[in-house]
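Colleague: Shown below is the structure under consideration.
Residue numbers (our numbering): 933 to 1218.
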């Protein structure tokens, strides 16, 4: 058991190692932090190795999701507020998230921990204030649950042709009550707490013989961060670093006029195809 724990610890540290960073994040974090509301789902484009793995298996840039709960003063229920304070000892005015994290389990983290990341808000547009408080209360019950690494492995298995793997190696995603119920992952947890107030994310919808519709709860183990982006029941809210609020504001954006084309930050080419360094791009712009 000691060897297994050591190996898992080494794997977690390796997966959490960041591969890169944004020199200039694509979103305006200051504005996002002002506009975000309790029960918004925050999508994150992660920069560590496990994020690269999740991008591969989900075919999406969004690798993590977290539930925004606001500040302590935003919590109406005194018992829920007290439970949060048992797990968070920071500034009472800090904006907070609840999220399962690899190597940490389900914890409270400040929104500011993502100020250097590419972010997007998914807002449950029809959620009532009362149900919103219930969603937060349900999320608080997940404190201490470990991150379910096996669920990620099962997602990876799911992308392989089903007949290739022996039966005992096949994904358990479709088995009800499979896996350790004391563990969870980010999107599954968020989908589960919204389900407690019957708020839909991506439900299964059937039409009966008379044309009536019936909605069924979708297996929450199948959810990934991109599902909140795709859901018709969530508004997508973006705050680009250069806003486009004014009509024709895009005409005033600081576009390069020398024909430089970039594949990504730090990988830019002049009009003749010559690769140029990032500092050379800055000099040309000046």
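Backbone N, C-alpha and C define an ideal beta-carbon position, used for all residues, glycine too.
Tell me the rounded alpha-carbon separation between residue 1160 and residue 1204.
Modeller: 42 Å
Colleague: How long is the line joining the alpha carbons of residue 1034 and residue 994, rounded to whole angstroms?
Modeller: 16 Å
Colleague: For residue 1119, count neighbouring Cβ atoms within 10 angstroms of its own Cβ and tell me buried if that reaches 16, exposed if not.
Modeller: buried
Colleague: Have a look at the DSSP bridge pairing and note the partners of residue 1121.
Modeller: Looking at the DSSP assignment, residue 1121 forms no beta bridge with any residue, so it has no partner.
Colleague: Can you tell me the Cα-Cα spacing of residue 1041 and residue 998, whole angstroms?
Modeller: 10 Å
Colleague: Tell me which residues share the same chain as residue 1183 and place their Cβ nearer than 8 Å to its Cβ, disregarding the 5 neighbours each side in the sequence.
Modeller: Residues of the same chain with their beta carbon placed closer than 8 Å to that of residue 1183 are lacking, with the five preceding and five following residues left out of the count.
Colleague: Ignore the nearest five residues each way along the sequence and tell me which others in residue 1009's own chain have a CB closer than 7 Å to its CB.
Modeller: 1065, 1069
Colleague: Only counting the same chain, and skipping five residues up and downstream in sequence, which positions put a Cβ closer than 6 Å to that of residue 961?
Modeller: 1047, listed in sequence order.
Colleague: Would you kindly report the start and end of the unbroken alpha helix (DSSP H) that includes residue 962?
Modeller: 961 to 967
Colleague: Is it buried or exposed, residue 1055, if we count other Cβ atoms within 10 angstroms and call 16 or more buried?
Modeller: buried
Colleague: In the DSSP assignment, what are the bridge partners of residue 895?
Modeller: Here the chain comprises residues numbered 933 to 1218, so residue 895 is not present and cannot be evaluated.
Colleague: What does residue 1196 pair with, by DSSP beta-bridge criteria?
Modeller: DSSP, once it has assigned bridges, lists 1199 as partnering residue 1196.
Colleague: Can you find the residues in the same chain that come closer than 8 Å, C-beta to C-beta, to residue 1275, ignoring five residues on each side of it along the sequence?
Modeller: The chain is shown from 933 up to 1218; residue 1275 falls before or after that span and cannot be answered.
Colleague: Measuring alpha carbon to alpha carbon, tell me which residue in 1194, 1072, 985 is nearest residue 1081.
Modeller: 985
Colleague: Kindly indicate which three-state DSSP category residue 1134 falls into: helix, strand or coil?
Modeller: coil
Colleague: In whole angstroms, give me the CA-to-CA distance for residue 956 and residue 1022.
Modeller: 28 Å
Colleague: Tell me, please, which residues DSSP counts as bridged to residue 1146.
Modeller: 1138
Colleague: Evaluate residue 1049 with the Cβ neighbour count: other Cβ atoms within 10 Å of its Cβ, from every protein chain shown; 16 or more gives buried, anything less gives exposed.
Modeller: buried
Colleague: Which one or two residues does DSSP pair with residue 1044 in a beta bridge?
Modeller: DSSP lists no partner for residue 1044.
Colleague: Using the Cβ count rule (16 or more neighbours within 10 Å means buried), how would you classify residue 1147?
Modeller: The residue is exposed, with fewer than 16 neighbouring Cβ atoms inside 10 Å.
Colleague: How is residue 1115 classed by DSSP in three states: helix, strand or coil?
Modeller: strand
Colleague: Could you tell me the boundaries of the alpha helix (DSSP H) in which residue 1068 lies?
Modeller: 1061 to 1072
Colleague: Go to residue 1231, then tell me how far its beta strand (DSSP E) extends in each direction, as first and last residue.
Modeller: Residue 1231 lies beyond the stretch modelled for the chain, which goes from 933 to 1218, so this question has no answer here.
Colleague: Express the C-alpha separation of residue 1127 and residue 1173 in angstroms, rounding to a whole number.
Modeller: 34 Å
Colleague: Since residue 1037 sits in a beta bridge, which residues does DSSP pair it with?
Modeller: 1033
Colleague: Is the separation between the beta-carbon of residue 982 and that of residue 1004 shorter than 8 Å?
Modeller: no
Colleague: For residue 1029 and residue 1043, what's the separation of their Cα atoms in angstroms?
Modeller: 6 Å
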